[in-house]
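J.:
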Amino acid sequence: MLKKFFFFWVNYVINNWQQLWRYGLVGLTSAIIDFGILYLLTEALGFHYLWSATISFIVAASYNYYLNKTWTFKAGGKLSKQVSIFLLIAGSGVLLNNLILYLLVEQAHWWYIYAKIIATGIVTIGNFIGNKYLTFKT
Numbered sequence: 023m024l025k026k027f028f029f030f031w032v033n034y035v036i037n038n039w040q041q042l043w044r045y046g047l048v049g050l051t052s053a054i055i056d057f058g059i060l061y062l063l064t065e066a067l068g069f070h071y072l073w074s075a076t077i078s079f080i081v082a083a084s085y086n087y088y089l090n091k092t093w094t095f096k097a098g099g100k101l102s103k104q105v106s107i108f109l110l111i112a113g114s115g116v117l118l119n120n121l122i123l124y125l126l127v128e129q130a131h132w133w134y135i136y137a138k139i140i141a142t143g144i145v146t147i148g149n150f151i152g153n154k155y156l157t158f159k160t
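Taking this note's numbering, the leading residue of the sequence shown gets 23, the next gets one more, and so forth.
The following block contains the structure:
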């Protein structure tokens with residue numbers, strides 16, 4: 023069973039390497055935007071970290087949508103349907119992101135940036151699957 027699972031993922035990566043690389047690059051630049059805005063709003067402007075995280079997530083997700091649509095997945099399709107699905111996925115992502123942030127900061131007493139790293143890692147996996155198979159069906 024474990025062997026089949028391993029070979030499934032190896033095969034998946036081999037067959038989708040270019041898309042995964044592009045998604046990773048878009049994700050990296052999105053993360054820089056997300057973390058930059060989060061830090062700026064929280065530290066320089068004094069926003070509460072959850073408000074900052076919400077705003078930064080929305081800005082980074084919008085950037086992410088545009089580049090993934092036009093470059094990573096090269097998706098055509100009906101814009102209104104794609105945006106609706108994307109917003110549903112992004113909305114779920116921001117809720118999960120903020121829940122993880124809250125739990126790690128308020129309950130585990132982590133610094134909000136460390137908590138954001140964990141939240142980003144978890145949310146990114148769900149966003150990739152949702153966007154690849156629902157938003158940008160390729």
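Each residue gets a CB set at the ideal place from its N, CA and C atoms; glycine is no exception.
This structure is a prediction, so every number in the text was calculated from the model and none was measured.
Could you please give the first and the last residue of the uninterrupted alpha helix (DSSP H) stretch that includes GLN3?
T.: Here the chain has residues from 23 to 160 only, and residue 3 is not among them.
J.: Here's a check: name, in chain order, each residue in its chain whose Cβ is nearer than 8 Å to the Cβ of LEU63, leaving out the five neighbours to either side.
T.: Position 41 of the sequence shown, counted from the first residue, corresponds to residue 63. Hits under 8 Å: PHE69, TRP73, SER74, ILE77 and SER78.
J.: Put ALA72 into one of helix, strand or coil per three-state DSSP.
T.: The residue you call residue 72 lines up with position 50 of the sequence shown. Reading the sequence as shown, one finds Leu at residue 72 and not Ala. Residue state, collapsed to three classes: helix.
J.: Going by Cα to Cα distance, which pick from LYS25, VAL145, GLY99 and ASN33 is closest to VAL116?
T.: Counting from one through the sequence shown, the residue named residue 116 turns up at place 94. When only C-alpha atoms are compared, the closest one is VAL145.
J.: Counting Cβ pairs closer than 8 Å, one from the segment 31-38 and one from the segment 81-92, do we hit at least three?
T.: Cβ pair count under 8 Å is below three, so no.
J.: Using only alpha-carbon positions, find the residue among ASN119, ALA141, ILE107 and TYR136 that is nearest to LYS159.
T.: The count along the sequence shown starts at 1 and reaches residue 159 at position 137. LYS159 has its Cα closest to that of ILE107, out of ASN119, ALA141, ILE107 and TYR136.
J.: Could you check whether the segment 117-128 touches the segment 89-108, counting it as contact only if at least three pairs of C-beta atoms, one from each stretch, sit closer than 8 Å?
T.: These segments do not touch.
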